[in-house]
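**Student:** I have a structure I would like to understand better, so I am pasting it below and will then ask my questions one at a time.
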């Protein structure tokens, strides 16, 4: 079994109809063992015993536990680059994580709760992710009973996380809303509806790569099905808003959107030094071009994979990281061309 697991493998294709806007869907279940105190109150001996108690349940759910120190450095880097595991989590080589060989599922241990189960699909796929996690959760619960109260639901070390233990988030690519000046309105509408929406990367200048994360707050008092349906509808509305903004820009002032796309393609094809933030914006512009049909030669999956690949571009004593990143972009985008209908606008 690959220590990266199925969730750590390169993106080959995605046929999800909303993949042009919804880059990925992630769901998580947090659980605590009924027989042990919360992680913050565990002694070292109890922590080891709790980890041991979880192992047969993990195997029953198809997950293989790994000690962080057993993972080669390049595997750890891949898990971080694909945002499966926080970098800080992998500092302690005696911590554990679990990966599924065939399904996009993984688990982290002894953070706020004893275990966090996570699943991720590309595109808008909340239902698929939840179905997968709940099946694994049921298989595990038969061997490692979870802490549960009939009034409060699944117990948590955090009061606002009592209940289902479910959380969900979506990564959205919204470059046309940014370019058209509508992103602040979209952010406000999402937050007014009770969602969290913020930039995935970047600092004070705004999200790098026009990537935003739309997520649910804790679900205490709301059923899982209702909350997920609200999130799905909100994502659908934002996707429709992004698509209409693309079309309006192409019809009203095509030079602006074509300039963003053209500059991104030109930098990818010709630049020799590229910072991480700049590379994220370059990939964003190319992805916008492919989504609108302005660029051809790469599909959306290949362009999306570039977001992960540029993070892993590492130089050496002869060539710094920013030069290695530029070389990777030149090589991966060599087949890009403007479509005939947009070439001479």
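Residue numbers (our numbering): 17 to 361.
Just so you know, even glycine gets a beta-carbon here, dropped at the ideal spot from N, CA and C.
Give the DSSP-derived three-state secondary structure of residue 132 in the structure shown.
**Tutor:** Residue 132: strand per DSSP, three-state reduction.
**Student:** Residue 249 to residue 332, Cα distance in whole Å?
**Tutor:** Rounded to the nearest angstrom, the two C-alpha atoms are 46 angstroms apart.
**Student:** Is the beta carbon of residue 71 less than 7 angstroms from the beta carbon of residue 81?
**Tutor:** A contact, by the Cβ cut-off of 7 angstroms.
**Student:** From residue 21 to residue 120, what distance separates their C-alpha atoms?
**Tutor:** Those two C-alpha atoms are separated by around 7 angstroms.
**Student:** Taking all protein chains shown into account, do 16 or more other C-beta atoms lie within 10 angstroms of the C-beta of residue 185, making it buried, or fewer, making it exposed?
**Tutor:** Its Cβ being crowded by 16 or more others within 10 Å, residue 185 is buried.
**Student:** Can you check DSSP and say which residues form a bridge with residue 169?
**Tutor:** Answer by DSSP bridge pairing, in chain order: 165.
**Student:** Straight-line CA distance for residue 93 to residue 106?
**Tutor:** About 9 angstroms.
**Student:** Would you identify the three-state DSSP class for residue 354, choosing helix, strand or coil?
**Tutor:** DSSP places residue 354 in strand when its eight states are reduced to three.
**Student:** The ligand FAD and residue 345: does the residue's C-beta get closer than 6 angstroms to at least one heavy atom of that ligand?
**Tutor:** In terms of ligand content, the structure shown is empty, and the ligand FAD therefore cannot be addressed.
**Student:** Would residue 171 and residue 160 qualify as a contact pair, given that the criterion is a beta-carbon distance under 7 angstroms?
**Tutor:** Not closer than 7 angstroms, so no.
**Student:** Straight-line CA distance for residue 200 to residue 214?
**Tutor:** Rounded to whole angstroms, residue 200 to residue 214 spans 11 angstroms at the Cα level.
**Student:** Please name the residue in 196, 110 and 319 whose C-alpha comes closest to that of residue 272.
**Tutor:** Among 196, 110 and 319, the Cα nearest to that of residue 272 is on 196.
**Student:** Got a sec, what are the start and stop residues for the alpha helix (DSSP H) residue 72 sits in?
**Tutor:** That run of the alpha helix (DSSP H) goes 60-76.
**Student:** Would you identify the three-state DSSP class for residue 257, choosing helix, strand or coil?
**Tutor:** Helix at residue 257.
**Student:** In or out: residue 37 buried (at least 16 other Cβ within 10 Å) or exposed?
**Tutor:** So residue 37 counts as buried.
**Student:** Quick check on residue 55: does DSSP put it in helix, strand or coil?
**Tutor:** Residue 55: helix per DSSP, three-state reduction.
**Student:** Does DSSP put residue 288 in a helix, in a strand, or in coil?
**Tutor:** DSSP places residue 288 in coil when its eight states are reduced to three.
**Student:** Here's the rule: buried if 16 or more other CB atoms are within 10 angstroms of the residue's CB, otherwise exposed. What is residue 340?
**Tutor:** Flag for residue 340 reads buried.
**Student:** Taking the alpha helix (DSSP H) that residue 89 belongs to, which residues open and close that run?
**Tutor:** 89-97 is the span of the alpha helix (DSSP H), which, as asked, contains residue 89.
**Student:** On the criterion of 16 or more Cβ atoms from any shown chain inside 10 Å, does residue 125 qualify as buried, or is it exposed?
**Tutor:** Under this definition residue 125 is a buried residue.
**Student:** Given 8 angstroms as the limit, is there contact between the segment 145-156 and the segment 51-60, that is, 3 or more CB pairs closer than that?
**Tutor:** Short answer: they don't touch.
**Student:** Beta-carbon within less than 6 angstroms of residue 258's beta-carbon, same chain only, minus the 5 sequence neighbours each way: which residues are those?
**Tutor:** Result list for residue 258: 37, 190, 192 and 193, in chain order.
**Student:** Between which two residues does the beta strand (DSSP E) carrying residue 191 extend?
**Tutor:** Element bounds for residue 191: not the beta strand (DSSP E) but the alpha helix (DSSP H), 191-195.
**Student:** Can you give the Cα-Cα distance for residue 280 and residue 354, rounded to whole angstroms?
**Tutor:** Each residue's Cα considered, the two are about 12 angstroms apart.
**Student:** What are the boundary residues of the beta strand (DSSP E) that includes residue 213?
**Tutor:** Its beta strand (DSSP E) spans residues 212-215.
**Student:** How about the segment 310-320 and the segment 240-255: do they share at least three Cβ pairs that are nearer than 8 angstroms?
**Tutor:** No, they do not touch.
**Student:** Buried or exposed: which applies to residue 204, given that a residue is buried once 16 or more other Cβ atoms fall within 10 Å of its Cβ?
**Tutor:** Exposed, since its Cβ has fewer than 16 Cβ neighbours within 10 Å.
**Student:** What residue from 343, 66 and 304 has the CA that sits closest to residue 262's CA?
**Tutor:** It is 304 whose Cα lies nearest to the Cα of residue 262.
**Student:** Count the other CB atoms, across all protein chains shown, that sit within 10 Å of the CB of residue 134; report buried if there are 16 or more and exposed otherwise.
**Tutor:** Residue 134 is buried by the Cβ-count criterion.
**Student:** Check this for me: beta carbons of residue 337 and residue 326, under 7 angstroms apart or not?
**Tutor:** No, Cβ-Cβ distance for residue 337 and residue 326 is not below 7 angstroms.
**Student:** Which residue comes first and which comes last in the beta strand (DSSP E) that contains residue 40?
**Tutor:** Note, residue 40: beta strand (DSSP E), 38-47.
**Student:** What is the rounded straight-line gap between the Cα of residue 430 and the Cα of residue 254?
**Tutor:** Residue 430 cannot be examined here, being either before or after the span of the chain that is shown, 17 to 361.
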